[in-house]
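Student: So the sequence shown is numbered by the working numbering: it starts at 33 and just counts up by one.
Here's a structure for you.
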Amino acid sequence: MLRKNKKKGQIWIETVTYTLVAFVLIALILAFVKPKIDQLQDQALIEQSFKMLNGIDSVVNSVYDTGIGNKRMVELSIKKGA
Numbered sequence: 033m034l035r036k037n038k039k040k041g042q043i044w045i046e047t048v049t050y051t052l053v054a055f056v057l058i059a060l061i062l063a064f065v066k067p068k069i070d071q072l073q074d075q076a077l078i079e080q081s082f083k084m085l086n087g088i089d090s091v092v093n094s095v096y097d098t099g100i101g102n103k104r105m106v107e108l109s110i111k112k113g114a
C-alpha cells in the first residue's frame, strides 16, 4: 500500500515539473520572439506612414495644379503594425 502512494506522488511531481519546464520554454521563446514582432510592427507603421505622406503630397500637388479655391478632403488613419 505504501508503494502505491509513492507512485501517485511521483506522478504529480513529474506532472508539475513538466508543466514548469513547458512554461519556462514558452517564456524563453517569447523573450526572443517579442522584440522581433515589435520591430516588424514598427517597420509596417513606418511604411504605412510613408505611403500616407506620399498620398498627401499627391493631393496637395493636385490642388496646386488645379488652381485657386480648390479643396480636397484627405482621410488619415494609422494602424499599429497593420
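We put the beta carbon where it would ideally sit given N, CA and C, even for glycine.
Using 8 Å for Cβ pairs, my map puts residue 106 next to residue 78. What's the rounded Cβ distance?
Tutor: As a working mapping, residue 106 is identified with position 74 in the sequence shown. As a working mapping, residue 78 is identified with position 46 in the sequence shown. Not confirmed; about 19 Å, so no contact.
Student: For residue 101, which of helix, strand or coil comes out of DSSP?
Tutor: Along the sequence shown, read from residue 1 onward, the residue named residue 101 stands at position 69. Three-state result, residue 101: coil.
Student: Under 8 Å by Cβ, that's how I've got residue 110 and residue 80 pegged, so tell me the actual separation to the nearest angstrom.
Tutor: In the sequence shown, residue 110 corresponds to position 78, counting from 1. In the sequence shown, residue 80 corresponds to position 48, counting from 1. About 6 Å separates the two Cβ atoms, so the contact holds.
Student: Report back the beta-carbon spacing between residue 90 and residue 104 to the nearest angstrom; my notes put them in contact at under 8 Å.
Tutor: Within the sequence shown, residue 90 is the residue found at index 58, counting from 1. Within the sequence shown, residue 104 is the residue found at index 72, counting from 1. Actually they do not touch by this definition, with Cβ atoms about 10 Å apart.
Student: In this structure, how does DSSP classify residue 68 when only helix, strand and coil are distinguished?
Tutor: Start at 1 with the first residue of the sequence shown, and residue 68 comes out as number 36. If DSSP states are grouped into helix, strand and coil, residue 68 belongs with the helices.
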